[in-house]
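Notes follow once the structure below has been shown.
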Amino acid sequence: MSDFETLIGLVSQYSPSGHERGAVEWLVARMKALGFDDAFVDEAGNAVGVMGKGTKQVVLLGHIDTVPGEIKVTLTPNPSPEGRGELLYGRGSVDAKGPLASFVDAVAKVGVKDGWQFVVIGAIEEERNSEGARFVATKYKPDFAIIGEPNQWDRMALGYKGSAWANVTVKRGQAHTASGEETAAEAAVGVWLKIKAYVDSFNADKPKVFDQLLLTLRGMDSDSNDFEQWARLKIGVRLPVEVSPEDWYVKLNEIINDSHASRR
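Using my numbering, you'd call the opening residue of the sequence shown number 2 and step up by one each time.
Right, dumping it as structure tokens:
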């Protein structure tokens, strides 16, 4: 077995969210070729490989989809001072076909172990609504679960930040440009600054990024008609363990209600 045959082959299968079928079928065939006891496409469209029949189960789950944008698959010499190996370029080589290919090759190398069952899952739709992972969440009850996502190569992450998204809309009555009245776009900027001020205050005594709220303004647009004008903010935040999505939305609603805006 080539050290990188699974990785290069999987990265070569372009599979943006919603178009994973070719990569899924390729990975199922690859797992069969590597000697998995069973490999199949499940009802959600995930690639699944099973090794062993033991009562203790390990699930190794990575996602097989990527964000859009095809990148030509190439291998180049490593320019680092150590000069070890080659560098692989291609959509998904890091996020997250690299971890997924590692799971497949690791289980193939370990093989059948008495008392254990290894299940490798290449989940679809992670970059959109995580439909593949939501499907398998109720199908397995593993003793151990390992999720393949980018991290430093020499360690394992014990936690992962959650996320919450919101569209905040500010509306104002239409007014003449000479009136000096606050426009919806100006009010939306004010709302954003209030949200950011709260996040900055929350993060002030938290030196570790994992413990912080990570706020992003993902988009902003505005429009008007003869009677009304409006502006919309697309806001995202990565949440630390101590802040649930519900907690965040309560605070966000407090801020925007004070500004006469709305959220959906």
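Beta carbons are placed, not taken as given, at the ideal position from N, Cα and C, and that holds for glycine.
Whole-angstrom C-beta distance between residue j and residue i, which should lie under 8 Å
i, j, result
"V74", "S13", "5 Å"
"E229", "Q175", "6 Å"
"V171", "A107", "Not quite, the Cβ-Cβ distance comes to about 51 Å (not below 8 Å), so this is no contact."
"A179", "S223", "The Cβ separation is near 19 Å, so there is no contact."
"V105", "R156", "Not really, about 21 Å apart at Cβ, beyond 8 Å."
"R129", "S18", "5 Å"
"I236", "Y199", "Actually they do not touch by this definition, with Cβ atoms about 12 Å apart."
Own chain residues within Cβ distance below 6 Å of residue i, not counting five before or after
i, result
"G163", "L240"
"K98", "L11 and V12"
"D96", "P151"
"A221", "For clarity, residue 221 is Met in the given sequence; the question names Ala instead. Result list for M221: L234, in chain order."
"F136", "A45"
"I148", "L62"
"Y15", "E71"
"D39", "V51"
"I196", "I256"
"A134", "A124"
"V238", "A165, L214 and L216"
"L35", "A109"
"F5", "none"
"K33", "A40"
Best match in the options for proximity to residue i [C-alpha to C-alpha]
i, options, result
"V111", "A30, W27, V51 and D201", "V51"
"L101", "E127, A185 and P82", "E127"
"D259", "G53, A124 and W193", "W193"
"H177", "D227, I122 and T7", "D227"
"K114", "V42, G53, A165 and S131", "G53"
"Q213", "E182, H20 and Y161", "Y161"
"T7", "Y250, S131, A109 and N79", "A109"
"V251", "D4, I122 and A165", "A165"
"A189", "D206, G181, N204 and N168", "N168"
"E132", "D4, E21, F5 and A205", "E21"
"I273", "S103, A138, A205 and E183", "Since the first residue of the chain shown is 2 and the last is 265, residue 273 is not available in this structure."
Own chain, CB closer than 8 Å to residue i, minus 5 neighbours either side, in chain order
i, result
"T77", "E87, L88 and Y90"
"P208", "none"
"S225", "Q175, A185 and W231"
Status (buried if at least 16 other CB within 10 Å, exposed otherwise) for residue i
i, result
"F37", "buried"
"L62", "buried"
"H64", "buried"
"S202", "exposed"
"D1", "Not covered by the structure: residue 1. The range shown for the chain is 2 to 265."
"S81", "exposed"
"L253", "buried"
"V210", "exposed"
"E247", "exposed"
"S245", "exposed"
"V242", "exposed"
"L159", "exposed"
Same chain only: Cβ atoms within 7 Å of residue i, ignoring 5 sequence neighbours per side
i, result
"I72", "Y90, G91 and R92"
"F41", "V29 and V49"
"W249", "A165, V238 and L240"
"S94", "V12"
Chain D contact for residue i (CB, 7 Å cutoff)
i, result
"P100", "The structure shown contains no chain D; it holds only a single protein chain."
The segment 205–218 touching the segment 138–151, judged by at least three CB pairs closer than 8 Å:
no
Quick one: any contact between the segment 44–58 and the segment 16–33, if contact means 3 or more CB pairs under 8 Å?
yes
Is it the case that the segment 117–125 contacts the segment 56–64, given that we only count it when at least three CB pairs across the two stretches are under 8 Å?
yes
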